[in-house]
Each structure stands twice: as structure tokens, then as C-alpha cells.
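The structure under discussion appears below in the form of C-alpha cells.
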Amino acid sequence: MKKLLGISLFFIGAVLFAQDNKANYVSENYTKKEVHIKMRDGVELFTAIYTPKDVSTKYPIIMQRTPYNSGPYGENQFKKSISPSETMMKEGYIVVYQDVRGRFMSDGLYDNMRGFIPNKKGKKDTDEASDTYDTIEWLVKNVANNNGNVGTWGISYPGFYATYSLLSNHPALKAVSLQACIADFFFDDFHHNGAYLLSYWKVTPLFGPQKTKRTTEPWYKFTNAGTNDDYQFFLDAGPLSNLDKYYGKENEFWQQLKDHSSYDDFWQKRGILQHLNNIKPAVMTVGGWFDAEDLYGPLNTYSTIEKSSKNYNTIVMGPWSHGDWARNSAKQVIGNINFGDSISGFYQKNIESNFFRHFLKNNGKGANKLPEAYVFDTGRKEWKTYDAWPPVNTEKQDFFLQGSKLTKLAKQNISFEEFISDPKKPVPYSEDIKQNGLTPRKYMTDDQRFAARRPDVIVFETEVLNDDTTLAGEILAKLQVSTTGTDADWIVKVIDVFPNEEPETKEVAPYLKMSNYHMMVRSEVMRGRFRNSFSKPEPFLVNEKTAVNIKLQDVFHTFKKGHKIQIQVQSTWFPFIDLNPQTFVDNIFYAKPEDFKKQTHKIYNDSKIECTVLK
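Written out as C-alpha cells, the structure reads:
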């Protein structure tokens, strides 16, 4: 179990980077103090404080709040590395880690994605914003040698708590970095546009049972499928209700997922985007173009703050999977694709440390030389900077799904492509189906030739490009569809088809070749029942042509001259997402075996992909 805990940033929210040659650097240069800070309602939260031993100057405080534990516990037990990066650790900050309410050594009850209370009426009205405020207030008054400036950061779930710190409105909070931040559990991590991410089932126990006392050890148990073949395991398991035996009724989160299958008040009040108005601290949002867990969060958090606040707001998007920017890998490789050398190290030394130094050590004075958008072109494999994201020099361009062609010209005569979708033979989300640790990570650049060869995947492709084409911003799939059933999922994938003469690389899997490689650039699912409203699911009318719009998250990718742009459309993506029975039922979590039926789906040729293209 401990080995599994160390595999995923999603689980531990820990910041990983190359260790200093001295294994005891932290203990030699920092002192550690552990305290329980009392919140306004009397609940005490465990807090570990690392302070530089050099007392010749004052230091800003930088804090991470986490549900994944702030260990190692004990004032003589030190983390091997502290702060967001090795660069910042050596620059010197007072570094604070806190177990959030109800987790590990903190008291109180844990509430998963606790909702914000805008109008608090008394000391009993507490949320993550009030806990952050009370913590900062205690720190600036009680920690020696602090300069009065506080920053927060976090990756994944700790990124959600960093976002929440913006709502604390504490005057000492000057800089916040939201990294792979969860914004809404109905669109991040456990759901994508209403479809349940079955591939995250191993994570569910983490958020289920409440602990009964302060503890330094996990009190939850992880499920064991007893096989490394996830595809066959979930296919054999059948309806989602059959997974109950792995969780039990004591897993509160699993029950919540089952009982709130649409975007009802339970999920809505936990979403944080609606509260991000008039933000005062400087904000740097960081994400990975290939983050399988939290891509919706960073992109939508940045755009929401940009629309509603006038203060400093910047975005950094690199060629990373979940949390890769906090590592210090010599090469940045996602699956079969190598994006270059020392990309995370560049970010840590030139972007992240610059941001915090400017606002926490230099009080925001002078120029920090950071642009509005620091983004990585995943086709050209190079950084670009812009004054806005998406860049202002873009235009909308439509690509129509015409037969097997992807064309800029719409046809007047309506026709269609059709395929049979069978829940008993779902399309795999990856050619390499196995247990991917706790969550899938590398499928987002996978070669898609295996899917293109299936009869239940429809392929549309441009001619060979005569010029470079750069997509820079949102992609919107506007499908016109029909089905013989009353429900269906619609998955759209955007793919870069490499030329036959593409050079081979060391990173590619032994059974693949880079010649004609079909690199997935972006993909997304829409659960058809939610096509008009995520709160009010509705069935399809049998064989009636229906509009289904799918927002694919932003991309920044150049399809080079000599490449082709390909679109794949399908209705299963297994076991990344759960199976749609293709018969409308009130709640898919309670669907019965007889509800799952083979259906015929049609894609009409007035369907189109609306792209944001760099001029």
C-alpha cells in the first residue's frame, strides 16, 4: 500500500523534484516545529512549519494545505525536500504544511470538496476559506522572522485548497499558484461531462470513510482487482452496482457518486469557479496539456479569474502529465512522445521561482518579466509567450465531417456515417490495457491506429497539410447524430497523423513505429443524456437527428506541413469511462444487465469541429 501511495501525485499531492546531493539538506538548513492551530470554531489543525536557520533576514511564508498528510510527523523527522521546488528551497522561505480539517493529525470532520459559505453568520460557519484565514492570521503573528507576506500553492487536490485560499481575503496573502487545481468534481477527476471515470475507481476509498482519531497512518483500505487486466475486470464486473462489494456502505464517497449521478445541488455547491470574483492576490495557474486528471480545472480557473478580476493573473501550460512540472526529469516524455530536455527544470528556475520571489520577497515592485501566458506548443515542441490566452491573433475555423474526409467546405446534400456500438465489445481507451497505478496517465499521447481499425470508430481525415496549422485555444465539436437507442456517449478525438518518413525514437514502444504514428492531441466525452443540461438528463428520441456539442479543452499544437489532422468519433472508451447502457435509465449507477443494449449510431455530414486557429 505504501508503495502505491508513492506512485501518484493525485494521491499524495506531494511535490516531487530531484533531491539535493546532501540527503539531509533540509535538516541542516531548516528548523521544524509542529503545532495545532485553533480555528474560530475551536477545531485544531495540524501544521508543520519549516523555518530557515539563517536568521539574518526575514522570509515570506509559503503554505500548502493538503488532505494527503503533512508527514513525516515528529519535529525531528524532516521531509527530504520542501517548498514548491529545489530552487525555492535554497532561496529560503518559511515553508508550511497543514493537514486540512478531518484528515490525518487534524481534528474535525472531513467534507470532500467542501462548499464555500459566502455569507458567514457566526463562528460555526466554517469552510476552507475561513480555515485558511485563521491559519494565516496565526502564522504571521506567531512565526518568527516572517516578513508579513504569505503565498500558497498546491498540486491537484492541494491545488483546490490553494484556489480556496483566494476566497479567504486575508491581507497578508499576496501570491497564489494553482497547479492542476480541481475546480469541480463533475468535470475533473471523477467525471467528464457527466460520464463517470471508471479508471479512477481505485482512488475512491481515499475519500470515503471518516477517521475516528488523530492518526499518522492511512485509515482507509484500497481495493484490489486481483488482476492487471482492467479491461477484462470491468467488463466481467458488469453494471456499476456490482462494484458495491469492493467498497461497502461505509464508503461515503462511493454512495455520493451513485446517488448524485447528475449535476445536482450536491455537486454545484462544491464547485469553486462561481465564487472567483474580484480576486486580489497575484495568481499563477499551472497545468499540463496531457493531464488526465485535472485539465478542466486549470484552464477554467484561469479564464474565470481573467474575466472577473483585474489583478495579476497568468497561466502556464506545459507538455506535462499530472504534476510533472514539480519533478526534475532530464527528459519530458509522455507515453511514446519526447517533448525535450529539462522542461520542468526550466519552469521551476525561470517561471515559478520568479513569480513567488517577485510578489513575496520584492513586494511586487518592478517588473517580474513574466508574460500573461507561458504556453508550450506540443507540435513544435517549444515555449511561446503571449499577452493573452487564447492569443488575440487567432480565428475560428470549421472542419466538416464529410464521409471519411475532414474538410473546410460544407456539403449541401445531407448524408451520414454509421456504426454499431456494443457494450459487450467496447473500444479500449488505450492499446496497452493494464493497471495504470492509481489513475491513467500516459494515454493522452497514445497512438490511435488501433482504434482507427475498428468498425465502431468513425475516422475523418484531412489531406496532407501544405502548411503548418496551429490550434491555439478551445475546440468545440458540433455533432449532428441519431441513434436507435435512447441514450449514448459521444467521444471525439483530435489526432496528429505523422508522415511515413517520421524518424524513429528511443521512447516509442517496441511494438510501434513513429512512421504514420497517430498521436492523440485532445479528446473528450459527452454523456448524451446531458447534451442540453447537466442537471436535467433527457433521453434521445429514437432515430431522430439531434445536436450534441462537446467542448474539448484548450490545446496549443502545431500540425506540421506534411502531417494530417484526423478526427475519430466513437461511443465507448473503456474502461476510462463507464459503459452507457444506451437505454435511458434514471441513474446509470443503478442500471441492470438487461438495460445494456447494442445500438446503431449515425454521424451526419453537417457535423463540424470548430477550432481556434493561430493566424
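Taking our numbering, the leading residue of the sequence shown gets 848, the next gets one more, and so forth. C-beta: ideal position from N, C-alpha, C; glycine also.
Going by the CB atoms, is the gap between residue j and residue i shorter than 7 Å?
i	j	result
Leu-882	Ile-929	Looking at the sequence itself, residue 882 is Val, so the reference to Leu does not match. No.
Phe-1403	Pro-1273	no
Trp-1293	Gly-1165	Note on identity: in this sequence residue 1293 is Asp, with Trp being the wrong assignment. Not closer than 7 Å, so no.
Glu-1099	Gly-1055	yes
Asp-1343	Lys-1408	no
Asn-1160	Glu-1153	yes
His-1365	Gln-1259	no
Ala-1022	Phe-1307	no
Ala-895	Tyr-944	yes
Tyr-920	Thr-1063	yes
Thr-999	Met-910	yes
Ile-1305	Ile-1450	yes
Ile-1126	Leu-1020	no
Thr-1225	Leu-1461	no
Glu-1351	Met-1361	yes
Thr-982	Ile-908	no
Quick check on DSSP: helix, strand or coil for residue i?
i	result
Pro-1056	coil
Gln-1175	Position check: residue 1175 holds Asn in this sequence, whereas Gln was assumed. Residue state, collapsed to three classes: coil.
Pro-1428	coil
Gln-1295	coil
Gln-1079	helix
Lys-1243	strand
Trp-1474	Because residue 1474 is not part of the residues shown, which for the chain are 848 to 1462, the question remains open.
Asp-923	Rather than Asp, the amino acid found at residue 923 in this sequence is Asn. Three-state DSSP puts Asn-923 in coil, outside helix and strand.
Thr-979	helix
Tyr-1451	strand
Asn-1313	coil
Phe-1436	helix
His-1404	strand
Pro-1357	coil
Ala-1220	strand
Phe-1203	helix
Thr-1051	helix
Lys-1068	coil
Val-873	helix
Gly-1073	coil
Ala-1084	helix
Assuming the contact rule is C-beta atoms closer than 8 Å, residue i and residue j should be a hit. Round their C-beta distance to whole Å, please.
i	j	result
Lys-970	Ser-1168	Rounded, the Cβ-Cβ distance is 42 Å, inconsistent with contact.
Phe-1431	Pro-1386	4 Å
Asn-1396	Leu-1323	6 Å
Ile-1412	Leu-1253	6 Å
Tyr-1004	Glu-975	That pair is no contact at about 11 Å.
Arg-1374	Asp-1336	6 Å
Ser-953	Leu-892	4 Å
Pick out whichever of the options has its Cα sitting closest to the Cα of residue i.
i	options	result
Phe-1406	Pro-1086, Met-1367, Lys-1353	Met-1367
Val-1222	Asp-1138, Met-910, Val-1133	Val-1133
Gly-1006	Asn-993, Asn-1016, Gln-1026	Gln-1026
Arg-912	Ser-1150, Thr-979, Pro-1065, Gly-1118	Thr-979
Thr-1074	Ala-1084, Pro-1065, Met-886	Ala-1084
Phe-1193	Asp-1171, Val-1341, Glu-1097	Asp-1171
Asp-1425	Phe-1206, Arg-1296, Leu-1104, Thr-1062	Leu-1104
Glu-1310	Thr-1063, Glu-1097, Phe-1246	Phe-1246
Glu-1265	Ala-1030, Ser-1329, Leu-1217	Ser-1329
Ser-1024	Ser-1418, Ser-1176, Asn-1201	Asn-1201
Lys-1116	Ile-964, Pro-931, Lys-879, Lys-1449	Ile-964
Trp-1048	Pro-1065, Lys-1060, Lys-1092, Pro-1018	Lys-1092
Asn-1427	Trp-985, Val-987, Leu-1087	Leu-1087
Asp-1035	Asp-1279, Thr-904, Asp-1141	Asp-1141
Arg-1301	Glu-984, Arg-1174, Val-1416, Asn-959	Val-1416
Thr-1051	Ala-1298, Asn-1071, Tyr-1233, Thr-1316	Asn-1071
Pro-1218	Met-1131, Lys-1398, Met-886, Thr-1447	Met-1131
Thr-1419	Ser-1370, Asn-1363, Ser-1454	Ser-1370
Apart from the five residues on each side of it in sequence, which residues of its chain come closer than 7 Å, Cβ to Cβ, to residue i?
i	result
Ser-1262	Asn-1452
Tyr-906	Pro-899, Gly-939, Tyr-940, Ile-941, Asn-992, Asn-993, Asn-994
Thr-1333	Pro-1386, Phe-1387, Val-1389, Thr-1430, Phe-1431
Lys-1439	Pro-1086
Pro-1346	Gly-1409, His-1410
Report all residues from its chain with a CB closer than 6 Å to the CB of residue i; omit the five preceding and five following residues, and keep chain order.
i	result
Asn-1016	none
Arg-950	Pro-914, Tyr-957
Gly-1118	Asp-1031
Cys-1458	Gln-1244, Leu-1318, Ile-1322
Lys-869	Confidence is the limiting factor: at Lys-869 the pLDDT is only 44, short of 50, which leaves the residue's position unreliable and the question unanswerable from this model.
Phe-1113	His-1107
Phe-1186	Pro-1166, Gln-1179, Lys-1228
Should residue i be counted as a contact of the ligand MN given a C-beta to heavy atom distance under 6 Å?
i	result
Tyr-1008	The model on display carries no ligand, and the ligand MN is accordingly not part of it.
Under 8 Å Cβ to Cβ from residue i, same chain only, skipping five residues before and after it: list those, please.
i	result
Ser-1046	Asp-1077, Tyr-1276, Asn-1283, Thr-1286, Pro-1287, Pro-1422, Phe-1423, Ile-1424
Lys-1445	Ile-1267, Ser-1268, Asp-1269, Pro-1270, Lys-1271, Gln-1429
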